[in-house]
Amino acid sequence: CAGIRPFSCLDRVIIQGTLPDICHPGAITGFFNRHGIRIFDFKPWAAPMRDEINENIKAIAAENGIEIEFVRRSKDSKEERIQEVIAQRGEHPGIVHILSAMESCTAFKPWHDKQTHETFFKYDSGRCLHYYIYFIDKDFGLCYLRIPTWAPYRLQFYFNGHNWLARQLDKKGIAYEQVENAYLRIDDFEKAQQLADQFPVKRLHRLLDRYARRLCPVVARFRSGVHWSIMQAEYATDVIFKEHESLAPICEELVRTLSHAV
Numbered sequence: 006c007a008g009i010r011p012f013s014c015l016d017r018v019i020i021q022g023t024l025p026d027i028c029h030p031g032a033i034t035g036f037f038n039r040h041g042i043r044i045f046d047f048k049p050w051a052a053p054m055r056d057e058i059n060e061n062i063k064a065i066a067a068e069n070g071i072e073i074e075f076v077r078r079s080k081d082s083k084e085e086r087i088q089e090v091i092a093q094r095g096e097h098p099g100i101v102h103i104l105s106a107m108e109s110c111t112a113f114k115p116w117h118d119k120q121t122h123e124t125f126f127k128y129d130s131g132r133c134l135h136y137y138i139y140f141i142d143k144d145f146g147l148c149y150l151r152i153p154t155w156a157p158y159r160l161q162f163y164f165n166g167h168n169w170l171a172r173q174l175d176k177k178g179i180a181y182e183q184v185e186n187a188y189l190r191i192d193d194f195e196k197a198q199q200l201a202d203q204f205p206v207k208r209l210h211r212l213l214d215r216y217a218r219r220l221c222p223v224v225a226r227f228r229s230g231v232h233w234s235i236m237q238a239e240y241a242t243d244v245i246f247k248e249h250e251s252l253a254p255i256c257e258e259l260v261r262t263l264s265h266a267v
């Protein structure tokens with residue numbers, strides 16, 4: 006075969022974190038009723054937690070000598086901005102940068118049904134300030150945690166499987182060449198595939214809980230904690246050809262087929 010055996014691993018992964026106690030109208034209605042909170046006191050109840058999130062993020066920024074940067078236009082690339090920061094600071098572990106933006110969020114509104122005389126929450130459209138905290142983890146590489154400042158605090162966590170695997174290859178002393186999101190060379194493909202297939206889900210879960218508690222401390226107020234679920238996951242296969250001449254005859258057909266598939 007002209008190509009080295011295909012190599013596959015996780016690529017971009019986005020994980021959603023929800024608070025089961027308040028993540029949908031029925032849940033938050035029950036939460037308020039159990040704790041003796043009036044449904045129409047939703048805003049006074051949520052406001053102190055919004056302030057706690059804001060103050061915590063500001064404290065983290067100050068500790069790391071970072072100025073929170075507000076993104077005014079949705080078309081502005083967050084990823085490009087973060088790469089600019091990394092080019093200046095380097096790729097050592099720690100907080101990289103903090104961006105903020107006004108974005109759509111899950112929201113609730115109090116409602117009283119005049120026919121049934123029941124008071125409860127309904128879904129509503131909303132916008133609130135969100136923080137994107139970018140950091141480099143020693144095992145998972147560049148990640149971010151997206152934190153909304155308004156209940157029900159639906160979190161979003163991002164990491165890239167290629168970056169995670171690169172760190173595992175470093176630990177094992179396996180040489181490789183990585184360009185952006187692809188490997189051009191791995192000295193031991195079989196061992197690399199074994200590492201990729203042994204992705205540590207439990208370790209990732211512990212990392213998610215740790216960063217959620219540190220970066221969004223209001224989650225500690227809810228007994229059920231954070232429920233993590235996959236929002237988006239990409240699984241990539243790299244095929245490395247030994248010679249350019251081997252790829253050229255099939256390149257056009259590959260591009261055409263992939264374009265039609267997308």
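Numbering follows the numbering used here, with no gaps: position 98 of the sequence shown is 103. The C-beta atom is built at its ideal place from N, Cα and C for all residues, glycine as well.
My guess is that residue i and residue j are in contact by the Cβ rule of under 8 Å, so how many angstroms apart are they, rounded?
i, j, result
"Arg55", "Trp169", "About 33 Å separates the two Cβ atoms, so there is no contact after all."
"His102", "Tyr139", "5 Å"
"Cys4", "Arg190", "Shown here, the chain extends from 6 to 267; a query on residue 4 therefore has no answer."
"Ile62", "Tyr136", "5 Å"
"Tyr188", "Phe12", "7 Å"
"Phe204", "Leu15", "6 Å"
Would you give the residue range spanned by the beta strand (DSSP E) that residue i belongs to?
i, result
"Glu72", "Glu72 -> no beta strand (DSSP E), and no H or E assigned at all."
"Glu123", "Glu123 to Asp142"
"Thr23", "Phe12 to Thr23"
"Arg151", "Gly146 to Pro153"
"Tyr181", "Tyr181 to Val184"
Is it the case that the Cβ atoms of residue i and residue j are separated by a distance below 8 Å?
i, j, result
"Lys114", "Lys127", "yes"
"Glu108", "Arg132", "yes"
"Ser234", "Ile20", "yes"
"Gln161", "Leu200", "no"
"Pro153", "Ile27", "no"
"Pro30", "Ser229", "no"
"Ser130", "Ala112", "yes"
"Leu147", "Ile141", "yes"
"Glu72", "Ala66", "yes"
What residue range does the alpha helix (DSSP H) around residue i cover?
i, result
"Trp233", "From DSSP, Trp233 is part of no alpha helix (DSSP H) but of the beta strand (DSSP E) over His232 to Asp243."
"Tyr281", "With the chain represented from 6 up to 267, any question about residue 281 goes unanswered, as that position is not in the structure."
"His102", "That residue, His102, is in no alpha helix (DSSP H); its beta strand (DSSP E) goes Gly99 to Asp118."
"Arg172", "Gly166 to Lys177"
"Arg190", "Run containing Arg190: none in the alpha helix (DSSP H); it sits in the beta strand (DSSP E), Ala187 to Ile191."
"Ile35", "Before going further, note that residue 35 is Gly rather than Ile in the sequence given. Unbroken alpha helix (DSSP H) run through Gly35: Pro30 to Arg39."
"Arg86", "Lys83 to Arg94"
"Glu195", "Phe194 to Asp202"
Please report the straight-line C-alpha distance between residue i and residue j, rounded to a whole angstrom.
i, j, result
"Cys6", "Glu195", "Confidence in Cys6 is poor, its pLDDT being 49 and thus under 50, which makes the residue's placement too unreliable to answer from."
"Thr121", "Glu57", "36 Å"
"Asn69", "Thr23", "27 Å"
"Gly99", "Arg261", "42 Å"
"Phe45", "Asp175", "55 Å"
"Cys221", "Leu212", "14 Å"
"Val224", "Ala266", "41 Å"
"Arg226", "Phe36", "12 Å"
"Val184", "His167", "10 Å"
"Lys80", "Pro53", "31 Å"
"Leu104", "His249", "41 Å"
"Arg78", "Gln237", "24 Å"
"Thr242", "Leu209", "22 Å"
"Cys256", "Asp193", "26 Å"
"Val18", "Lys119", "45 Å"
"Arg94", "Ser82", "19 Å"
"His232", "Asn59", "22 Å"
"Lys177", "Asn165", "19 Å"
"His40", "Asp214", "25 Å"
"Leu259", "Glu239", "19 Å"
"Glu89", "Lys207", "32 Å"
"Glu123", "Asn38", "12 Å"
"Pro254", "Gln198", "28 Å"
I want to see whether chain D comes within less than 8 Å of residue i, judged by CB atoms only; does it?
i, result
"Lys83", "Among the chains in the structure shown there is no chain D, since it carries only a single protein chain."
Among residues of its own chain, excluding the 5 on either side of residue i, which ones have a beta-carbon nearer than 7 Å to its beta-carbon?
i, result
"Trp346", "It is not possible to answer for residue 346, since the shown part of the chain is limited to 6 through 267."
"Tyr216", "Leu150"
"Arg218", "Val224 and Ala225"
"Phe125", "Pro30, Thr34, Ile44 and Trp116"
"Ile87", "Val101, His102 and Tyr139"
"Ala180", "Asp192"
"Ala32", "Pro25 and Asp26"
Between residue i and the rest of its own chain, which residues show a CB-CB distance below 6 Å, the 5 nearest in sequence each way excluded?
i, result
"Leu252", "Phe246"
"Phe47", "Pro115"
"Asn186", "His167"
"Glu182", "Leu189 and Arg190"
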